[in-house]
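Numbering of the sequence shown is given in my numbering, commencing with residue 532 and proceeding in unit increments.
Cβ atoms here follow ideal geometry from the backbone N, Cα and C, with glycine treated the same way.
In what follows, a single structure is set out as structure tokens and then discussed.
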Amino acid sequence: MTGPSGRAPMERNTVTEQAVQAGPPGTPGRIAADVFGFDVVAERGRARLGRLRTPHGAVATPAFVAVGTQATVKSLAPEAVAATRTNLLFANTYHLYLRPGADLVARHGGLHRFMRWDAPILTDSGGFQVFSLGASIEHGVGKIGNIFPGEDQDRGRRRLAAGSGMVSVDEDGVVFKSHIDGSRHRFDPETSIAVQRQLGADIVLAFDECTSPLHDEAYTRRSLERTHRWAARSLAAFQATAPLHGYRQALYGIVQGGAFRDQREDSARFVGSLAFDGIAIGGNLGATRADMHAVLDWTLPLLPADRPRHLLGIGDVESIFEAVGRGVDTFDCVMPTRNARTGTLLVRPDLDAGVSGGRLNITNARFQSDLGPVQAGCDCYTCRTFSRAYLRHLFKAGESLGPQLATIHNLRFMARLMEDVREALADDTFLELRARVLRSPLER
Ligand SMILES: [Zn+2]
């Protein structure tokens with residue numbers, strides 16, 4: 532078991548300034564050590580155009596956060612990720628704690644130097660994976676998204692099981708077994724913060740328990756009250772410790788409470804009252820899109836307006852418009868990159884009359900001799916360079932370049948969608964953009 536050392540690694544100083552300068556494009560060497568802040572630039576109804584400032588650069592919001600679970604966006608080098616103008620990554624504390632271990636990452640000077648990514652990074656607290664991976668092993672399935680077969684895999688990360696023997700929760704924290712080797716570990720708010728100090732992300736999350744739709748109202752309430760005590764402990768541990776890598780980190784609290792209105796409202800008020808730098812909305816958002824909208828409607832108006840808001844695990848196009856319209860600033864989701872690896876490419880009918888619907892499966896026979904790009908007018912490397920027929924060929928032949936090129940397109944799709952969203956907020960044409968992209972009637 533690799534535990535937090537609690538001490539600044541001496542090896543940090545062996546990473547020379549020259550080595551930092553040789554890193555990926557973006558903001559090499561541009562670390563503003565004490566910066567964290569959020570500015571609301573414009574408000575359109577409840578939607579916000581903002582600017583998130585971190586030690587590794589400023590990011591315009593609303594923004595999509597690409598997922599790099601194991602300190603990598605699967606299949607892509609950092610230069611290729613940066614070229615899509617993706618500028619925020621999300622890495623997973625649970626995975627990196629178990630493998631390769633937070634000590635090793637700390638000896639590199641933190642995640643940015645370990646994975647050669649100089650733009651902002653978020654890490655989660657580890658809580659989500661502790662509960663969800665434990666549950667998936669317990670149920671004999673390999674992926675979180677398969678725990679409830681037939682349900683939307685994009686939202687699979689919210690599907691957790693109660694009472695798993697892989698995980699036991701008590702007032703102090705959680706004991707869980709590694710999904711890699713079955714070894715036993717304990718996570719609590721203090722451990723989570725210590726590990727996240729070692730990893731050195733710009734934005735870190737408070738330790739929480741993720742409840743599931745399988746949990747009833749009474750259990751969700753007991754869990755919520757414990758999560759609130761853990762939020763206060765996370766904040767105290769954060770305030771009692773210093774950054775290890777020479778720049779400030781920001782801590783977000785997490786609003787839980789399942790699909791229960793009074794619990795979400797209590798959680799929004801409580802978490803919003805603590806001195807967190809920002810607030811994430813997590814956990815079970817209900818069974819349908821309408822449930823998720825309701826959770827956002829209950830929660831967001833109660834949060835402090837001057838702090839950034841992150842929605843955990845949501846990133847499909849329709850949900851982005853719904854969340855942005857309700858005042859969410861950032862969100863992360865595995866969907867665009869996971870879909871890319873199976874040949875599912877995101878497209879916008881409003882930009883390309885040749886596509887219908889929001890996705891195309893490049894392995895489909897109809898693309899066999901299609902000489903056009905994935906999406907006409909897309910400025911990504913893949914669309915500027917290769918035909919649909921070539922991409923289809925790569926996937927059919929099982930070549931690793933296929934998932935790479937598809938990931939480039941899907942990341943650029945998300946970055947460009949968010950560029951359009953921000954431009955529409957600036958111009959006050961957000962509702963028109965939403966109607967155009969979703970092909971839905973304009974609602975005012
Ligand atoms: Zn493209």
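| Item | Value |
| --- | --- |
| CB-CB under 7 Å to residue 642, same chain, minus the five flanking residues each way: which ones, in chain order? | 602, 622, 636, 652, 730, 731 and 732 |
| Residue 628 to residue 726, Cα distance in whole Å? | 7 Å |
| Residue 839 and residue 664 - do their beta-carbons sit closer together than 8 Å? | no |
| How many angstroms separate the CA atom of residue 578 from the CA atom of residue 779? | 28 Å |
| Once you ignore the five residues that flank residue 892 on each side, which residues in its own chain have a CB closer than 7 Å to its CB? | 874 and 875 |
| Hey, is residue 579 close to ligand 1, as in C-beta under 7 Å from one of its heavy atoms? | no |
| What residue ranges within the segment 903-969 form continuous alpha helix (DSSP H) runs of no fewer than 4 residues, ordered along the chain? | 912-916, 919-927, 932-958 and 961-969 |
| By the three-class DSSP mapping on this structure, what secondary structure does residue 680 have? | Below a pLDDT of 50, predicted positions are generally treated as unreliable, and residue 680, at 33, falls in that range; the measurement from the model is reported next regardless. Coil. |
| Give, in chain order, every unbroken run of the alpha helix (DSSP H) that is at least 4 residues long and sits entirely within the segment 837-894. | 848-856 and 866-872 |
| If you compare alpha carbons, which of 719, 843 and 940 is closest to residue 786? | 843 |
| Going by the C-beta, is residue 914 closer than 7 Å to any heavy atom of ligand 1? | yes |
| Got a sec: does ligand 1 put a non-hydrogen atom nearer than 7 Å to the Cβ of residue 943? | yes |
| Do you know whose CA, among 661, 656, 820 and 776, lies nearest residue 563's CA? | 776 |
| DSSP puts residue 570 in a beta bridge; with which residues? | 582 |
| Curious, which full-length alpha helix (DSSP H) runs of at least 4 residues does the segment 703-747 contain? | 720-730 |
| Report back the beta-carbon spacing between residue 784 and residue 807 to the nearest angstrom; my notes put them in contact at under 8 Å. | 4 Å |
| Please determine if the segment 910-920 and the segment 845-859 are in contact, where contact requires at least 3 C-beta pairs separated by less than 8 Å. | no |
| Would you please state the rounded distance, in angstroms, between the beta carbons of residue 781 and residue 567? I believe it to be under 8 Å. | 4 Å |
| Mind checking whether the beta-carbon of residue 906 lies closer than 7 Å to any heavy atom of ligand 1? | yes |
| List the whole-angstrom C-beta distance separating residue 581 from residue 959, where the pair is believed to meet the contact cut-off of C-beta under 8 Å. | In fact, because the Cβ distance is near 15 Å, the residues do not count as touching under 8 Å. |
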